[in-house]
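Please read the structure below before turning to the comments.
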Amino acid sequence: MQTNRPFEYLIPETLTDVVVPGMRVEVPFGRGRRKIQGFVMRVKETSDFQGKLKPIARVIDLKPVLSDEMLKLSYWLADRTYSFQISCLQTMLPSVMRAKYKQYVVAIDEVDPEVVRLFNGKPTFEITGQLDDETIKLINRLRRNNKIDIQYVVENQALQVKRQAVTTDLNVIQLHEAKSKLRANAKSQIKLLEYLADHLDELPIEFSDLQKEFGVSRAAIKTAEKNDLVRVVEVTKLRKPVGITPEQTTKMKLTEEQQAAVDQINSAIETENPQTFLVEGVTGSGKTEVYLQTIEKALQQEKTALMLVPEISLTPQMVNRVVGRFGDQVAVLHSGLSNGERYDEWTRIENRDVKVVVGARSAVFAPLEHIGLIIIDEEHEGSYKQDDNPRYHARDVALWRAQVNKCPVVLGSATPSLESRARAEKGVYQLIRMKKRINNKNLPQVKIVDMRDSENSAVKGDFSPVLRENLQETLDQHNQAIILLNRRGYSSFMMCRECGFVLKCPNCDVSLTYHKDLGKMKCHYCGHDEPVPQFCPNCKSKKIGFYGTGTQNIEQQLNDLFPQARVLRMDVDTTRRKGAHAKILKQFGDHKADILLGTQMIAKGLDFPDVTLVGVINADTTLSLADFRASERTFQLLTQVSGRAGRAEKTGHVVIQTFNPDHYAIKDASTQDYETFFKQEMYIRHQSNYTPYYFTALISVANQDEGKTLKQSYWLKKQLQTALSKDAILLGPSPTMISRKQNKYYYQIIVKYKHEPKLHQRLLEILNETQADAKNGFTIAIDNEPQHID
Ligand code: ADP
Ligand code: ZN
Ligand code: ZN
């Protein structure tokens, strides 16, 4: 059974001063001899514990793996996400520390007598469980005094590249003496000694550098070594994360809107004001340059900068721009890195070799110090919320770190989340709007194609005449097109192909979902169910059915319609291999294809000058999600993907095919009118008591036995009821989207509330109380402010 509290242990005499917060230790736990791993949270002079304290068995790390800031953060994070603090600590830990690794001691001050004694002639040695406490204590003291360092090496990984290098024990005078003793025709030797004399502070120097820059041959080095003039050593070299080939860029002259944004943010950086800015800038308004020039400001202030992007492998262009501007000072963290690569980047951050960290969600825990600016690009993205325990939102963590580091946060998006925009409305965030595209370029012209129209639905296939004509024109003009197949929606909702009607819950205003196992349509919020309709309740047509088309199918249709066109397909199937995503984008960027066909992953952040047409095959699928964010997601997706067209000199066109041409999410997206959408959507959220008018908590229960799951759910509901006032709304229990996963049944309860002072405590108690149930195969999870409900 897990326990969610710290335990006290005795620090053995020998480990006094060694044990400090942020280290991991091995401790005996419970009865018997079981030893487990723990984090040192705090060191106290005395203990309040009544019984006899057990001593720490051994220290695992010789230097803290988590900073004080992270330890502090773990308390807040556990509380906020209703998870165990230990899982928060583990989440923050760089993944390399979770892998199998070894620790080595390396000398910094090689002449210190204690260091000499410790190393006993060895260049480095491994820290194993066999080291006695005295040695550990010595190692620790030397490390704190900067005389030695501890390095981690991941097992089973070619961690660091080893290279041959040259060093010398001679000083400048001795080198010149040695040179003068050489024969005049020993040119190579002379060159080498001269070079070393000039670069004594850069020793050791790699063979390859000597050869490249100075033409010193390997033979010359070997000769010098034989004559005891130099020594050949091995150096370890950090690898560069792969797939990034940025061109160097320089500061652009800012537009008025950009300048205004930069001024405000820079002034907050200067005054160390932990303000949050919401930069609401239309697509192509130049948000990236604002990020870059504010990062520059932070660096000028001797601070660091942290930048989050949705998922790096999906936004290579953004990463390239940051690396292009700040070069070696940037570390990139993303899921595509191997353990070894991630270790390299992490080490560079820890050693303070980098000033800027760009990464996906978990990079928000990067061990940066003195953060001067935190940026979250595409702040509305759902991927900033972790789906598993601890269910944290990177934005919340960023705001917390900003308070501690006294730095501003910049949230950027063309389509901010309703929550953030509402906070800006209230003045909690500072709103900065960028309404114009760079060079006053026009927004693309958008046509909405009504697929209920017989002309469109009569045609065979998924391409309306309008979209076909536009594609033909684009191809004729040798421009490029992006075709989006909106696949977020599952084929489990019902839509009428005659009138666009979608079957919805009478209580919740979200679409009903088909549950195969029940053979019924069901609501995920309140549990309402009804039979699968045989004809459309709206127009009585029999063309009501499940909706969904695959990318391969669309690709085939494209090939049939435009045999000459070169089509690139980007979806989960074609991007499975590492780097495949970047490769496809590069091909398209080099104009080696005419049409890029893809799912959601092509909607974000791409900036290709030759793209003049964006076509959306089925705008409705996201609209029909059984989720109150369905309209918001649809608006965001359509606005983002439309923004890919006409970014350079050429005018852009967008064709959106839909069965719901009058829906405000689609209409407002077609004019890129976020503000109008925001007002309308806020109205609807208000009407149906959703975020941001209400807070939401989702409690889910899973068990192999459906009866037990339901019983437990009702018990939980009762528990909640006792803590809630009558203003709170309690929905469920209802089965989730896929009510059976891995042979477990899933039920959920939703709490919507405004002000429930007792709820938080009650949820924490439930979390603790239900731990015993975990033994009986129950999984109980609490999701604070869920991103999606399915
Ligand atoms: P957003 O992220 O707001 O959609 P980008 O940052 O991608 O927009 O900028 C759109 C384009 O405008 C990019 O090609 C960028 O290089 C260019 N750009 C940005 N700022 C300027 C500027 N001040 N002067 C000239 N071009 C700019
Ligand atoms: Zn109908
Ligand atoms: Zn309902």
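Counting with full-length UniProt numbering, you get residues 1 to 790 for the letters of the sequence shown.
The C-beta atom is built at its ideal place from N, Cα and C for all residues, glycine as well.
Item to check | Neighbourhood of ligand 2 [Cβ distance below 5 Å to any heavy atom], ordered by chain position | outcome: 496, 498, 499, 501, 536, 538, 539 and 541
Checklist entry - Taking the continuous alpha helix (DSSP H) assigned at residue 92, which residues delimit it? => result 85-92
Checklist entry - Does the Cβ-Cβ distance between residue 479 and residue 612 come in under 8 Å? => result yes
Checklist entry - What do you reckon, are the CB atoms on residue 363 and residue 308 nearer than 8 Å? => result yes
Checklist entry - Is DSSP giving residue 518 helix, strand or coil here? => result coil
Checklist entry - Looking only at C-alpha atoms, which of 434, 321, 710 and 475 sits nearest to residue 607? => result 321
Checklist entry - Which residue comes first and which comes last in the beta strand (DSSP E) that contains residue 413? => result 409-413
Checklist entry - Can you tell me the Cα-Cα spacing of residue 137 and residue 337, whole angstroms? => result 35 Å
Item to check | Proximity test, residue 208 beta-carbon vs ligand 1 heavy atom, cut-off 7 Å | outcome: no
Next on the checklist: On the DSSP letters alone, give me the boundaries of the beta strand (DSSP E) that residue 569 sits inside.
Outcome noted: 567-570
Checklist entry - In terms of residue numbering, what span does the beta strand (DSSP E) encompassing residue 762 cover? => result Run containing residue 762: none in the beta strand (DSSP E); it sits in the alpha helix (DSSP H), 759-769.
Next on the checklist: Would you say the beta carbon of residue 507 is closer than 7 Å to some non-hydrogen atom of ligand 3?
Outcome noted: yes
Next on the checklist: Which residue marks the beginning of the beta strand (DSSP E) containing residue 748, and which one marks its end?
Outcome noted: 744-753
Next on the checklist: Let me check understanding here. Comparing Cα to Cα, which of 643, 677 and 33 lies closest to residue 437?
Outcome noted: 643
Next on the checklist: Can you determine whether any heavy atom of ligand 3 sits closer than 7 Å to the C-beta of residue 525, and answer yes or no?
Outcome noted: yes
Next on the checklist: Is the beta carbon of residue 698 closer than 8 Å to that of residue 771?
Outcome noted: no
Checklist entry - Nearest to residue 351 by alpha carbon, out of 169, 386, 617 and 304? => result 304
Checklist entry - Just the Cα atoms here: how many angstroms apart are residue 524 and residue 652? => result 40 Å
Next on the checklist: Using 8 Å for Cβ pairs, my map puts residue 410 next to residue 375. What's the rounded Cβ distance?
Outcome noted: 5 Å
Next on the checklist: Would residue 311 and residue 383 qualify as a contact pair, given that the criterion is a beta-carbon distance under 8 Å?
Outcome noted: yes
Checklist entry - If we call anything under 8 Å between Cβ atoms a contact, is residue 575 one with residue 619? => result no
Item to check | Identified DSSP bridge partners for residue 250 | outcome: DSSP, once it has assigned bridges, lists no residue as partnering residue 250.
Checklist entry - Quick one: any contact between the region 441-460 and the region 675-690, if contact means 3 or more CB pairs under 8 Å? => result no
Checklist entry - Taking three-plus beta-carbon pairs below 8 Å as touching, is the region 341-358 in contact with the region 37-47? => result no
Checklist entry - If you run the structure through DSSP and keep just helix, strand and coil, what is residue 451? => result coil
Item to check | Start-to-end residues for the beta strand (DSSP E) that takes in residue 695 | outcome: 695-703
Checklist entry - If you count every other CB in all the chains shown that lies within 10 Å of the CB of residue 683, and 16 or more means buried, which is it? => result exposed
Checklist entry - How would you write the range of the alpha helix (DSSP H) that residue 81 sits in, first residue to last? => result 68-81
Checklist entry - Going along the chain, which residues of its own chain have a beta-carbon closer than 8 Å to the beta-carbon of residue 15, five neighbours each way excluded? => result 56, 59, 133, 136 and 137
Checklist entry - Taking the runs of the beta strand (DSSP E) that are 3 residues or longer, which of them lie wholly in the UniProt domain "Helicase C-terminal" (531-690)? => result 544-546, 567-570, 595-598, 611-616 and 653-658
Item to check | Exposure label - residue 489; buried when at least 16 CB within 10 Å | outcome: Low per-residue confidence applies at residue 489: pLDDT is 40, beneath 50, and the placement is therefore not dependable enough to give any value.
Next on the checklist: Using 8 Å for Cβ pairs, my map puts residue 429 next to residue 278. What's the rounded Cβ distance?
Outcome noted: 5 Å
Next on the checklist: For the beta strand (DSSP E) containing residue 126, name the first residue and the last one.
Outcome noted: 124-127
Item to check | Helix, strand or coil at residue 9 [DSSP, three-state] | outcome: coil
Item to check | One or two residues paired with residue 231 in a DSSP bridge | outcome: 167
Item to check | Own chain residues within Cβ distance below 6 Å of residue 529, not counting five before or after | outcome: 520 and 522
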